[in-house]
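Have a look at the structure below before the remarks.
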Amino acid sequence: MDSCCRARRPDLGLAFFGRFRFMRTGLKADQIVANSLLKCLCHSKLTDEAVNVLLHRMSEFGCVPDAISYSIILKSLCDDSRSQQALYLLEMVRKGDACSLDVVAYSTVIDGFFKVSKACNLFHEMMQ
Numbered sequence: 001m002d003s004c005c006r007a008r009r010p011d012l013g014l015a016f017f018g019r020f021r022f023m024r025t026g027l028k029a030d031q032i033v034a035n036s037l038l039k040c041l042c043h044s045k046l047t048d049e050a051v052n053v054l055l056h057r058m059s060e061f062g063c064v065p066d067a068i069s070y071s072i073i074l075k076s077l078c079d080d081s082r083s084q085q086a087l088y089l090l091e092m093v094r095k096g097d098a099c100s101l102d103v104v105a106y107s108t109v110i111d112g113f114f115k116v117s118k119a120c121n122l123f124h125e126m127m128q
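For reference, each letter of the sequence shown is one residue, going 1 to 128 in UniProt numbering.
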């Protein structure tokens, strides 16, 4: 699945995951498989579905989200110009006891806000 994402074919990674049918066979996915699924969803522009998997379905796979899982989602939200939602998710995790986020998660959201502010500055410059 990860190779499919790296080859810019997240659709194939999602198809592979669907074919394996973790939930139907009773097999448990490990953290690597779950994070690969999140990457494939995000690269397929299915960020909202990835957030749903992160927050509600990973336990069905037999694993819990870690800092990498959250960083994948935070990056996708920021890439979609949804930095405010990324910040909300970051704060939600920080206030809860789910996991401790690392510097990558914080840097990702900070970078997302810089991109938004640069875009706003450029827009105002254009208007002048």
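Glycine residues also receive a C-beta, built at the ideal position from the N, C-alpha and C atoms. Since the model is a prediction, treat every value here as computed from it, not as a measurement.
Point to revise | Cα-Cα separation between C5 and C99, rounded to whole angstroms | key: Position 5 of the sequence shown, counting from 1, holds the residue named residue 5. Position 99 of the sequence shown, counting from 1, holds the residue named residue 99. Answer to the nearest angstrom: the Cα atoms are 25 Å apart.
Point to revise | Straight-line Cα distance separating I72 from N35 | key: Position 35 of the sequence shown holds residue 35. Position 72 of the sequence shown holds residue 72. So the alpha carbons of these two residues sit roughly 8 Å apart.
Review point. Mapping DSSP to helix, strand and coil, what is A7?
Key: Numbered from 1 along the sequence shown, position 7 holds the residue referred to as residue 7. Of the three classes helix, strand and coil, the one that applies to A7 here is coil, per DSSP.
Review point. Taking DSSP as the reference, what is the three-state secondary structure of R82?
Key: Counted from its first residue, the sequence shown places residue 82 at position 82. Three-state result, R82: coil.
Point to revise | Supposed close pair V109, A86 - CB separation, criterion 8 Å | key: The sequence position of residue 109 within the sequence shown is 109, counting from 1. The sequence position of residue 86 within the sequence shown is 86, counting from 1. So it is a contact: roughly 5 Å between Cβ atoms.
Review point. At which residues does the alpha helix (DSSP H) containing M126 begin and terminate?
Key: For this step, residue 126 is matched to residue 126 along the sequence shown. Residues 103–127.
Exercise for review: Look up G13 in the DSSP assignment and say whether it is helix, strand or coil.
Suggested key: Looking up residue 13 in the sequence shown gives position 13. Correct three-state label for G13: helix.
Check your understanding: Is it buried or exposed for C120, if we count other Cβ within 10 angstroms and need 16 for buried?
Key -> Walking along the sequence shown from the start, residue 120 turns up at place 120. Counting the other Cβ atoms within 10 Å of the Cβ of C120 gives fewer than 16, which makes it exposed.
Exercise for review: With a 10 Å radius around its C-beta and 16 neighbouring C-beta atoms as the bar for buried, classify H43 as buried or exposed.
Suggested key: To locate residue 43, count along the sequence shown from 1; it is residue 43. H43 is classed as buried because its beta carbon has at least 16 other beta carbons within 10 Å across all chains shown.
Point to revise | Simplified DSSP state of A29, which is helix, strand or coil | key: If you number the sequence shown from 1, residue 29 lands on position 29. In the three-state reduction of the DSSP assignment, A29 falls in the coil class.
Check your understanding: Got a sec? Which residues, its chain only, sit under 7 Å from D11 by beta carbon, not counting five neighbours each side?
Key -> Here the question's residue 11 lines up with position 11 in the sequence shown. These residues qualify, in order along the chain: S44.
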